[in-house]
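**Student:**
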Amino acid sequence: MTSGMMRSLPLTCFLATFISLGVSLECEECVGMGHNCNGPKITCPPEKDSCAIIASEMLGQRTLVKTCLPSKACNLGLSSINMGKIGIQKNFISCCVGDGCKRSTDTMPDRNTTLNGRKCPACYAFKETCEETMTNCAGDELFCLEVSGTSSLGAIATPVVMKGCANSAACYELKDAKSTLGSLSMVYKAGCTDGASPGSPSEFWGFLFSTMSGLLLVKFLV
2 MTSGMMRSLP
12 LTCFLATFIS
22 LGVSLECEEC
32 VGMGHNCNGP
42 KITCPPEKDS
52 CAIIASEMLG
62 QRTLVKTCLP
72 SKACNLGLSS
82 INMGKIGIQK
92 NFISCCVGDG
102 CKRSTDTMPD
112 RNTTLNGRKC
122 PACYAFKETC
132 EETMTNCAGD
142 ELFCLEVSGT
152 SSLGAIATPV
162 VMKGCANSAA
172 CYELKDAKST
182 LGSLSMVYKA
192 GCTDGASPGS
202 PSEFWGFLFS
212 TMSGLLLVKF
222 LV
């Protein structure tokens with residue numbers, strides 16, 4: 002059993018007891034630039050049985066999200082997407098209880114930068130297509146990811162596309178979806194390939210992507 006799994010056991014036991022008593026889980030929901038955010042408590046749906054803090058870095062921007070997530074997302078580790086000359090997107094999920102959810106998240110695990118011999122087309126743009134360049138994948142980035150869709154901020158909508166190298170955490174339980182947080186939303190199609198089998202990103206990964214895209218859209222419009 003890994004140290005990460007050992008650390009998650011008390012949290013898992015607490016949540017299991019909480020749910021068995023028939024008590025609805027409430028989590029803070031917010032999104033913000035930087036290392037912390039504050040927002041109202043929301044009641045989590047049954048399939049999202051954990052409170053989570055999600056730290057993200059993309060295109061030089063640091064974002065923090067607090068929300069409800071499935072407990073299976075708690076031990077994914079660092080997810081990374083290498084978009085070549087555009088840069089790296091990293092996400093790290095920490096599940097929490099009570100006052101532990103009020104903290105800021107200042108640490109982000111290091112990404113393995115050792116080249117692994119794989120290459121993927123890479124790009125990012127607020128357009129329907131983007132100019133691809135082949136980029137060298139590193140560490141556990143064994144998949145080529147492609148996401149395309151429409152990112153919306155209120156009444157403002159724009160197409161967005163992302164391609165690059167990705168690790169298994171970024172490609173976990175893939176499916177096309179629509180994700181929403183407040184006025185930020187995205188409808189997207191996605192796929193991860195390793196040269197043999199396709200997939201499409203999970204709801205909570207798409208939630209992260211829509212959040213990052215929405216915040217970057219604000220910067221793009223300004």
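So the sequence shown is numbered by my numbering: it starts at 2 and just counts up by one.
Glycine included, C-beta positions come from ideal geometry on N, C-alpha and C.
Out of Gly165, Ser80, Glu133 and Cys96, point me to the one whose CA is closest to Arg112's CA.
**Tutor:** Ser80
**Student:** Given Gly85, which residues of its chain have a CB within under 6 Å of its CB, disregarding the five upstream and five downstream residues?
**Tutor:** Ala123, Thr134 and Thr136
**Student:** Would a C-beta distance cut-off of 8 Å place Cys102 and Cys75 closer than the cut-off?
**Tutor:** Their beta carbons are not under 8 Å apart, which means Cys102 does not touch Cys75 by this criterion.
**Student:** Would you list the residues sitting across from Gly165 in a DSSP beta bridge?
**Tutor:** Leu146
**Student:** For Lys49, I'd like the list of residues in its chain whose CB is within less than 6 Å of its CB, leaving aside the five on either flank, ordered along the chain.
**Tutor:** Cys69, Leu70 and Pro71
**Student:** Give me, in chain order, the residues of the same chain whose beta-carbon lies closer than 6 Å to that of Gln90; leave out the 5 immediate sequence neighbours on both sides.
**Tutor:** Met59 and Ile82
**Student:** Put Gly96 into one of helix, strand or coil per three-state DSSP.
**Tutor:** For the record, residue 96 in the displayed sequence is Cys; it is not Gly. It is a strand residue.
**Student:** Give the DSSP bridge partners of Ile55, in chain order.
**Tutor:** Val66 and Ile94
**Student:** May I ask which residues mark the beginning and end of the beta strand (DSSP E) holding Met135?
**Tutor:** Thr134 to Ala139
**Student:** Look at Pro47 and Glu30 and say whether their C-beta atoms are less than 8 Å apart.
**Tutor:** no
**Student:** Who does Pro122 pair with in a DSSP beta bridge?
**Tutor:** Met135
**Student:** For Ser242, which three-state DSSP category applies?
**Tutor:** As displayed, the chain neither begins before 2 nor continues past 223, which places residue 242 out of reach and without an answer.
**Student:** With distances taken from CA atoms, which of Ile87, Asn39 and Cys45 is nearest Val66?
**Tutor:** Asn39
**Student:** Ser170: which of Val162, Pro160 and Phe144 sits nearest, CA to CA?
**Tutor:** One detail in the question is off: residue 170 reads as Ala in this sequence, not Ser. Ranking Val162, Pro160 and Phe144 by Cα distance to Ala170 puts Phe144 first.
**Student:** Express the C-alpha separation of Cys45 and Lys73 in angstroms, rounding to a whole number.
**Tutor:** 15 Å
**Student:** In terms of alpha-carbon separation, which member of Lys128, Cys131 and Asp141 lies closest to Leu116?
**Tutor:** Asp141
**Student:** Taking Ile87 as the reference, which of Cys28, Ala156, Met34 and Cys166 has the closest Cα?
**Tutor:** Nearest C-alpha to Ile87: Cys166.
**Student:** Does Ala56 pass the burial test, meaning 16 or more other C-beta atoms within 10 Å, or should it be called exposed?
**Tutor:** buried
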